[in-house]
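Undergrad: Here the protein sequences come in this chain order: B and Z. Last residue of the first sequence: number 572 in my numbering, and the count goes up by one each step with no gaps. Last residue of the second sequence: number 855 in my numbering, and the count goes up by one each step with no gaps. My questions all concern the structure below.
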Amino acid sequence: MDYSIKIGGEAGQGIQTVGDTIGRVFARTGYHVFTNQDYESRIRGGHNFYQIRISDKRVTAARDTIDILAAFDRESIDLHAGEVAPQGRIIYDASVLKQTFDGAQFLDIPFTNLAAEHGGSGIMANTVAIGAMLGILGMDMDVLLAVIAETFQKKGEHVIKANHASALAGFDYAVKHCAHCSFSAAAAAEPKMLIAGIDAIGFGAVAAGCRFYAAYPMTPSTGIMNYLAAKETECGIIVEQAEDEIAAVNMALGASFAGVRAMTATSGGGFALMVEGLSLAAITETPIVIGLGQRPGPATGLPTRTEQAELQFALHTAHGEFPRVILAPGDPEQAFYLTNKAFDLTEKYQVPVILVFDQYLADSQWTFTGFDLEKAVHKDYRLRAEALTSLHDYKRHAYTDNGVSPLAVPGESRHVVVTDSDEHTEDGHITEDAETRMKMVEKRIFRKLPLIRSEITPPGHYGSAAPEVVLVGWGSTYGIIREAVDRLSGKKNIAMLHFSEIYPFPATDRFDYLTLLGNAKKTVCIENNATGQFARLMRAETGYVFTSMVHRYDGRPFTLERLLGELDGHIG
Amino acid sequence: MATLDDYKGQKPAWCPGCGNFSILKTFKEAMRDLGLEPHQFTIVSGIGQAGKFPHYLKCNTFNGLHGRTLPVATGIRLANHEMPVIAVAGDGDCYGEGGNHLMHAMRRNVNVKLFVHDNQVYGLTKGQASPTTLEGTVTKNAPLGVFSEQLNPMALAVALDCSFVARSFSDDPEHLKAVMKDAMNHRGFCLVDILQPCVSFNKVNTHEWYKQRAYHIEPGYDPTDRLKAFERALEWGDRIPLGIIYRNNRPVLEERIPVIRGLPLVKQSIEIKKLKTLLKEFY
Numbered sequence: 001m002d003y004s005i006k007i008g009g010e011a012g013q014g015i016q017t018v019g020d021t022i023g024r025v026f027a028r029t030g031y032h033v034f035t036n037q038d039y040e041s042r043i044r045g046g047h048n049f050y051q052i053r054i055s056d057k058r059v060t061a062a063r064d065t066i067d068i069l070a071a072f073d074r075e076s077i078d079l080h081a082g083e084v085a086p087q088g089r090i091i092y093d094a095s096v097l098k099q100t101f102d103g104a105q106f107l108d109i110p111f112t113n114l115a116a117e118h119g120g121s122g123i124m125a126n127t128v129a130i131g132a133m134l135g136i137l138g139m140d141m142d143v144l145l146a147v148i149a150e151t152f153q154k155k156g157e158h159v160i161k162a163n164h165a166s167a168l169a170g171f172d173y174a175v176k177h178c179a180h181c182s183f184s185a186a187a188a189a190e191p192k193m194l195i196a197g198i199d200a201i202g203f204g205a206v207a208a209g210c211r212f213y214a215a216y217p218m219t220p221s222t223g224i225m226n227y228l229a230a231k232e233t234e235c236g237i238i239v240e241q242a243e244d245e246i247a248a249v250n251m252a253l254g255a256s257f258a259g260v261r262a263m264t265a266t267s268g269g270g271f272a273l274m275v276e277g278l279s280l281a282a283i284t285e286t287p288i289v290i291g292l293g294q295r296p297g298p299a300t301g302l303p304t305r306t307e308q309a310e311l312q313f314a315l316h317t318a319h320g321e322f323p324r325v326i327l328a329p330g331d332p333e334q335a336f337y338l339t340n341k342a343f344d345l346t347e348k349y350q351v352p353v354i355l356v357f358d359q360y361l362a363d364s365q366w367t368f369t370g371f372d373l374e375k376a377v378h379k380d381y382r383l384r385a386e387a388l389t390s391l392h393d394y395k396r397h398a399y400t401d402n403g404v405s406p407l408a409v410p411g412e413s414r415h416v417v418v419t420d421s422d423e424h425t426e427d428g429h430i431t432e433d434a435e436t437r438m439k440m441v442e443k444r445i446f447r448k449l450p451l452i453r454s455e456i457t458p459p460g461h462y463g464s465a466a467p468e469v470v471l472v473g474w475g476s477t478y479g480i481i482r483e484a485v486d487r488l489s490g491k492k493n494i495a496m497l498h499f500s501e502i503y504p505f506p507a508t509d510r511f512d513y514l515t516l517l518g519n520a521k522k523t524v525c526i527e528n529n530a531t532g533q534f535a536r537l538m539r540a541e542t543g544y545v546f547t548s549m550v551h552r553y554d555g556r557p558f559t560l561e562r563l564l565g566e567l568d569g570h571i572g
Numbered sequence: 573m574a575t576l577d578d579y580k581g582q583k584p585a586w587c588p589g590c591g592n593f594s595i596l597k598t599f600k601e602a603m604r605d606l607g608l609e610p611h612q613f614t615i616v617s618g619i620g621q622a623g624k625f626p627h628y629l630k631c632n633t634f635n636g637l638h639g640r641t642l643p644v645a646t647g648i649r650l651a652n653h654e655m656p657v658i659a660v661a662g663d664g665d666c667y668g669e670g671g672n673h674l675m676h677a678m679r680r681n682v683n684v685k686l687f688v689h690d691n692q693v694y695g696l697t698k699g700q701a702s703p704t705t706l707e708g709t710v711t712k713n714a715p716l717g718v719f720s721e722q723l724n725p726m727a728l729a730v731a732l733d734c735s736f737v738a739r740s741f742s743d744d745p746e747h748l749k750a751v752m753k754d755a756m757n758h759r760g761f762c763l764v765d766i767l768q769p770c771v772s773f774n775k776v777n778t779h780e781w782y783k784q785r786a787y788h789i790e791p792g793y794d795p796t797d798r799l800k801a802f803e804r805a806l807e808w809g810d811r812i813p814l815g816i817i818y819r820n821n822r823p824v825l826e827e828r829i830p831v832i833r834g835l836p837l838v839k840q841s842i843e844i845k846k847l848k849t850l851l852k853e854f855y
């Protein structure tokens with residue numbers, strides 16, 4: 001079983017709710033699910049879609065061919081009918097689209113009328129559509145009925161009943177009118193968790209002990225703020241919506257200085273405003289995690305779409321020389337653990353950590369059997385009450401062998417904590433002294449950097465141990481490249497190298513990925529940008545040059561069949 | 573109980589005769605009188621001559637970026653609302669570069685005390701106009717005189733319903749000390765605009781200029797009457813009012829957040845148990 005469902009319509013038609021509900025039903029049934037979304041920068045109208053892929057095997061990317069198209073508007077048919085497989089179905093409500101379509105693929109289901117008839121109101125047309133899709137696939141209704149009961153719990157018994165009736169009406173209608181459909185659902189299995197990249201970052205922040213989050217809303221990072229705000233009281237977190245991104249980063253630094261783990265996140269435009277704050281974090285050695293959700297620029301670009309074009313920006317932005325850590329998770333599971341690692345590294349080494357993701361990773365949902373919460377690290381590196389009081393002397397920026405100075409919480413002892421955006425002495429006061437300046441630079445950069453580099457995990461290796469072809473990627477392209485390797489491994493001696501811990505650039509002592517690349521005949525760097533930013537970094541750091549590159553920069557993510565087609569030209 | 577010596581900091585690098593010296597001395601006295609020891613409060617400062625202020629005394633210090641004192645101070649207060657936080661800034665720092673943050677700090681009503689060293693000129697960059705420079709003042713980079721109207725921080729603050737709005741003068745230390753202490757004792761965001769001569773770059777608003785115009789607001793004045801306060805805030809020129817211009821009892825940001833009704837955030841331990849519940853939400 002490997003089916004793809006696409007739900008298309010205008011903003012405001014409830015496409016996201018339909019997609020989320022179906023995704024949850026499939027995950028709970030035990031299938032592997034991958035969902036992704038495509039939407040415009042508008043509140044009503046336009047064209048949006050939500051795509052869901054389900055299988056009894058692991059799926060990690062979107063396909064180009066779809067099996068069921070649920071068309072909530074005419075445009076969905078115009079744009080996507082051509083993507084539907086010959087045996088697939090296009091379901092629509094002729095009374096809404098004000099048109100009937102001929103052809104074996106089309107199935108007119110009166111969503112609105114069935115909802116009015118069985119649920120008492122046309123509002124539940126989307127619930128009818130969900131029921132109908134499950135009917136077409138030949139699935140059981142129990143899970144959906146349970147999900148509906150949970151979703152509408154607060155709205156009361158009558159709302160649940162009406163939605164149940166609507167879902168069943170859609171289901172029955174589809175079963176009756178799609179008797180010859182060729183779909184067959186796989187057997188149910190253990191329920192799986194379904195999680196989006198953006199929620200995984202929020203959850204990862206909570207698991208890492210994040211207590212303060214300040215941000216200015218900006219797609220695709222806003223979901224982190226929403227997740228954490230919903231957990232404020234339950235988990236003891238303060239979420240502050242700042243007046244701008246400059247305030248957001250400075251608030252987070254203030255909270256961190258005061259002794260709590262703090263984070264902010266934004267997209268490229270907001271990150272541009274935060275840049276001076278990044279530099280401030282560096283010289284004051286104040287821990288901070290900054291989430292950078294990439295979207296296509298320059299400037300406002302394509303504000304709701306995806307791109308991997310801010311790697312070089314994250315690497316080089318901010319004035320002065322200082323170390324930083326750049327992590328770029330490839331899927332929600334990595335997002336969870338790398339957010340945790342980001343908090344650990346920023347506090348351990350007192351350097352800023354930038355967590356780079358993009359709209360595609362933020363909005364796509366993946367299934368997992370579960371996250372191992374024991375693997376989440378939470379070590380407090382701050383000097384607090386007793387440990388601090390017992391010190392005879394305290395200097396916030398004291399020289400140490402490893403360059404890391406003791407990080408005290410102000411107010412917990414008689415020692416004052418002093419830091420400065422100017423170059424400073426060990427006790428944090430302004431200085432212009434040349435020798436002190438050199439020692440501070442050496443402490444911040446040369447002492448810390450090798451230690452930080454030793455914490456960086458080498459790239460993930462998937463597929464052949466001694467490949468002739470290596471597909472290379474970073475961040476959100478993990479899933480698509482992995483599936484491409486799966487598809488091609490019958491014909492090719494092929495492997496993937498995926499970088500999710502990008503800077504300091506991984507050393508080769510634990511895994512000699514450069515030899516692996518050097519022994520391969522074809523190495524292809526696949527990036528969701530126009531100029532190959534990772535390939536440039538690779539060359540700068542290691543001297544290695546890929547044999548070819550595949551770029552996509554139309555603001556959309558890679559999809560399986562299209563990528564395979566393109567790879568054909570590079571690896572034959 | 574701390575003595576003035578306990579607050580002794582680095583040797584100031586200000587110009588001889590600068591109004592900052594008096595502000596520094598008065599501030600130390602106010603902290604001593606309030607019984608706040610050096611480790612018990614934090615000063616956040618930005619860039620400019622005022623930005624150096626916390627280095628010249630002893631206290632917890634975050635000397636951050638130009639214009640960004642208030643966001644840092646807000647973050648500190650939210651993480652630890654038992655820590656008194658004073659933001660020290662110049663007129664360029666907080667009325668110019670950080671103007672947006674000032675407006676929103678007043679709206680939030682975070683319990684931060686903002687002490688502005690207002691000398692109506694940019695000192696550190698050598699004499700350019702600041703937002704409070706008088707219209708028409710000729711400077712090196714404005715040879716035709718400043719075209720923009722002078723910002724009135726008191727009127728701005730009253731208009732935004734700022735919780736505590738006061739003005740004092742560096743040459744009037746007793747008054748300044750009383751205003752500083754009132755601000756420290758007030759619950760809510762405080763703006764204290766401290767008039768201060770710049771002996772190097774402001775040849776108009778001198779010690780004498782301020783002395784001839786500044787007057788103490790009369791004892792019977794009601795600072796809770798917002799309309800009267802606005803009228804008083806507009807006074808400038810021949811007569812400049814010193815004292816508490818406006819005050820209200822608006823709810824304080826930190827007191828509205830349920831999470832910190834008990835312990836400050838920084839003193840709360842992290843409960844890892846809840847993670848299992850959070851994980852279940854994804855099934």
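Backbone N, C-alpha and C define an ideal beta-carbon position, used for all residues, glycine too.
Going by alpha carbons, who is nearest to B/Ser166 out of B/Val260, B/Tyr227, B/Met218 and B/Ala129?
TA: To locate residue 166 of chain B, count along the first sequence from 1; it is residue 166. Residue B/Ala129 is the option with its Cα nearest to B/Ser166.
Undergrad: According to DSSP, simplified to helix, strand and coil, what is Z/Trp781?
TA: To locate residue 781 of chain Z, count along the second sequence from 1; it is residue 209. The answer is helix: DSSP assigns Z/Trp781 an H, G or I state.
Undergrad: Under 8 Å, Cβ to Cβ, is there at least one residue of chain Z near B/Gly428?
TA: Your numbering for residue 428 of chain B matches position 428 in the first sequence. So yes, B/Gly428 belongs to the interface.
Undergrad: Counting Cβ pairs closer than 8 Å, one from the segment 213-229 of chain B and one from the segment 351-367 of chain B, do we hit at least three?
TA: Yes: the two stretches touch, three or more of their Cβ pairs being nearer than 8 Å.
Undergrad: Could you have a look at Z/Thr704 and say whether DSSP puts it in helix, strand or coil?
TA: Taking the first residue of the second sequence as position 1, residue 704 of chain Z is located at position 132. Of the three classes helix, strand and coil, the one that applies to Z/Thr704 here is coil, per DSSP.
Undergrad: Who are the neighbours of B/Cys489 on chain Z, taking C-beta pairs under 7 Å?
TA: Translated into the one-based positions of the first sequence, residue 489 of chain B becomes position 489. Inspection of the sequence shows that residue 489 of chain B is occupied by Ser rather than by Cys. Those within 7 Å of B/Ser489 in chain Z number zero; the least Cβ separation is about 31 Å.
Undergrad: Quick one: what does DSSP say Z/Asp663 is sitting in, helix, strand or coil?
TA: As a position in the second sequence, residue 663 of chain Z is number 91, starting the count at 1. Three-state result, Z/Asp663: helix.
Undergrad: Kindly list, in the order they appear in chain Z, the residues whose Cβ is closer than 9 Å to that of B/Glu117.
TA: In the first sequence, counting from the first residue as 1, residue 117 of chain B sits at position 117. Neighbours of B/Glu117 on chain Z: none; closest Cβ ~33 Å, over 9 Å.
Undergrad: Helix, strand or coil for B/Pro467? Go by DSSP, reduced to three states.
TA: By 1-based counting over the first sequence, the position of residue 467 of chain B is 467. In the structure shown, B/Pro467 sits in coil (DSSP, three-state: anything other than H, G, I, E or B).
Undergrad: Going along the chain, which unbroken runs of the beta strand (DSSP E) with 3 or more residues stay wholly within the segment 4-51 of chain B?
TA: Segments of the beta strand (DSSP E) lying fully in the segment 4-51 of chain B: 32-38.
Undergrad: Can you tell me whether B/Cys235 is helix, strand or coil according to DSSP?
TA: The count along the first sequence starts at 1 and reaches residue 235 of chain B at position 235. DSSP places B/Cys235 in helix when its eight states are reduced to three.
Undergrad: Starting from the Cα of B/Lys348, find the closest Cα among B/Val377, B/Leu355 and B/Val485 and give me that residue.
TA: Locating residue 348 of chain B in the first sequence gives position 348, counting from the first residue. Comparing Cα positions, the closest option is B/Val377.
Undergrad: What does a CB cutoff of less than 6 Å around B/Leu228 pick up in its chain, not counting 5 residues either side in sequence?
TA: Taking the first sequence and counting its residues from 1, the one referred to as residue 228 of chain B is at position 228. If we look at B/Leu228 and ignore the five residues flanking it on each side, its Cβ neighbours are Gly202, Tyr213, Ile237 and Val239.
Undergrad: Have a look at B/His177 and B/Lys161 and give me their C-alpha separation to the nearest angstrom.
TA: Position 177 of the first sequence holds residue 177 of chain B. Position 161 of the first sequence holds residue 161 of chain B. Their backbone Cα atoms lie some 24 Å apart in a straight line.
Undergrad: Would you mind reading off the limits of the alpha helix (DSSP H) that contains B/Ile224?
TA: Counted from its first residue, the first sequence places residue 224 of chain B at position 224. Where B/Ile224 is concerned, the enclosing alpha helix (DSSP H) stretches over Thr222 to Ala230.
Undergrad: Does DSSP classify B/Glu276 as helix, strand or coil?
TA: Counted from its first residue, the first sequence places residue 276 of chain B at position 276. Helix, per DSSP.
Undergrad: Near B/Ala342, what residues of its chain come up, given a Cβ to Cβ distance below 6 Å and the 5 sequence neighbours on each side ignored?
TA: Along the first sequence, one-based indexing puts residue 342 of chain B at 342. Closer than 6 Å at the Cβ level, and outside the excluded window around B/Ala342, lie Val289, Leu327, Val353 and Leu355.
Undergrad: Would Z/Thr633 and Z/Ile658 be called neighbours here (beta carbons separated by less than 8 Å)?
TA: What you label residue 633 of chain Z is simply residue 61 of the second sequence in a count that begins at 1. What you label residue 658 of chain Z is simply residue 86 of the second sequence in a count that begins at 1. Cβ distance not < 8 Å, so Z/Thr633 and Z/Ile658 don't count as in contact.
Undergrad: Does the beta carbon of B/Leu391 come closer than 8 Å to any beta carbon on chain Z?
TA: In the first sequence, counting from the first residue as 1, residue 391 of chain B sits at position 391. Answer no: the Cβ-Cβ gap between B/Leu391 and chain Z never drops below 8 Å.
Undergrad: Quick one, which residues of the segment 827-842 of chain Z are near chain B if we go by CB-CB under 8 Å, in chain order?
TA: Within the segment 827-842 of chain Z, the residues whose Cβ lies closer than 8 Å to some Cβ of chain B are Ile829, Pro830, Val831, Ile832, Leu837, Val838, Gln840 and Ile842, listed in chain order.
Undergrad: Quick one, which residues of the segment 652-683 of chain Z are near chain B if we go by CB-CB under 7 Å, in chain order?
TA: Residues passing the 7 Å Cβ filter: Asn652, Met655, Asn672, His673 and His676.
Undergrad: Between Z/Phe854 and chain B, is there a C-beta pair that is closer than 8 Å?
TA: By one-based count along the second sequence, residue 854 of chain Z stands at place 282. Yes, contact with chain B.
Undergrad: Report yes or no: do three or more beta-carbon pairs, one from the segment 678-695 of chain Z and one from the segment 659-670 of chain Z, lie closer than 8 Å?
TA: Touching, yes, given that three or more Cβ pairs across the two stretches are closer than 8 Å.
Undergrad: Hey, could you find the ends of the alpha helix (DSSP H) Z/Ala729 is sitting in?
TA: As a working note, residue 729 of chain Z is residue 157 in the second sequence. Segment Pro725 to Ala731, the alpha helix (DSSP H) holding Z/Ala729.
Undergrad: Any C-beta of chain Z within less than 8 Å: which residues of the segment 421-445 of chain B qualify?
TA: For the segment 421-445 of chain B, which is checked against every Cβ of chain Z, the residues closer than 8 Å are Ser421, Asp422, Gly428, His429 and Ile430.
Undergrad: For the segment 221-250 of chain B, which residues have a CB atom closer than 9 Å to at least one CB atom of chain Z, in sequence order?
TA: If the cut-off is 9 Å between Cβ atoms, the segment 221-250 of chain B has Lys231, Glu232, Thr233, Glu234, Cys235, Gly236, Ile237, Ile238, Glu240, Ala242, Glu243, Asp244, Ile246, Ala247, Ala248, Val249 and Asn250 near chain Z.
Undergrad: Using DSSP bridges, identify the partner residues of Z/Thr614.
TA: Taking the first residue of the second sequence as 1, we reach residue 614 of chain Z at position 42. The partner list for Z/Thr614 (beta bridge, DSSP) reads Z/Asn632 and Z/Val657.
Undergrad: For the segment 191-224 of chain B, which residues have a beta carbon sitting closer than 8 Å to at least one beta carbon of chain Z?
TA: The segment 191-224 of chain B vs chain Z, Cβ under 8 Å: Pro191, Lys192, Met193, Leu194, Ile195, Asp199, Phe203, Val206, Ala207, Gly209, Arg211, Phe212 and Ala214.
Undergrad: Less than 8 Å between C-beta atoms, sequence neighbours within five positions excluded: which residues of the same chain meet that for B/Glu109?
TA: Start at 1 with the first residue of the first sequence, and residue 109 of chain B comes out as number 109. Note that residue 109 of chain B corresponds to Ile in the displayed sequence, not to Glu. Excluding sequence neighbours, B/Ile109 sits near Ile91, Tyr92, Asp93, Val128, Ala129, Ala132, Gly170, Tyr173, Ala174 and His177.
Undergrad: What did DSSP end up calling Z/Leu835 once you bin it into helix, strand or coil?
TA: Locating residue 835 of chain Z in the second sequence gives position 263, counting from the first residue. Three-state DSSP puts Z/Leu835 in coil, outside helix and strand.
Undergrad: Residues of chain Z with CB closer than 7 Å to the CB of B/Glu276, please, in chain order.
TA: Position 276 of the first sequence, counted from the start, is the residue given in the question as residue 276 of chain B. Simply Leu637.
Undergrad: How many whole angstroms separate the CB atoms of Z/Leu637 and Z/Ile619, which I take to be in contact at a CB cut-off of 8 Å?
TA: By one-based count along the second sequence, residue 637 of chain Z stands at place 65. By one-based count along the second sequence, residue 619 of chain Z stands at place 47. About 7 Å separates the two Cβ atoms, so the contact holds.
Undergrad: Hey, could you find the ends of the alpha helix (DSSP H) B/Ile326 is sitting in?
TA: Taking the first residue of the first sequence as 1, we reach residue 326 of chain B at position 326. Here B/Ile326 belongs to no alpha helix (DSSP H); instead the beta strand (DSSP E) covers Val325 to Leu327.
Undergrad: Could you tell me the distance, in whole angstroms, from the CA atom of Z/Trp808 to the CA atom of B/Arg384?
TA: Taking the first residue of the second sequence as 1, we reach residue 808 of chain Z at position 236. Taking the first residue of the first sequence as 1, we reach residue 384 of chain B at position 384. Answer to the nearest angstrom: the Cα atoms are 49 Å apart.
Undergrad: Do we get a CB-CB distance below 8 Å when we pair Z/His611 with the residues of chain B?
TA: Numbered from its first residue, the second sequence carries residue 611 of chain Z at position 39. So, interface residue.
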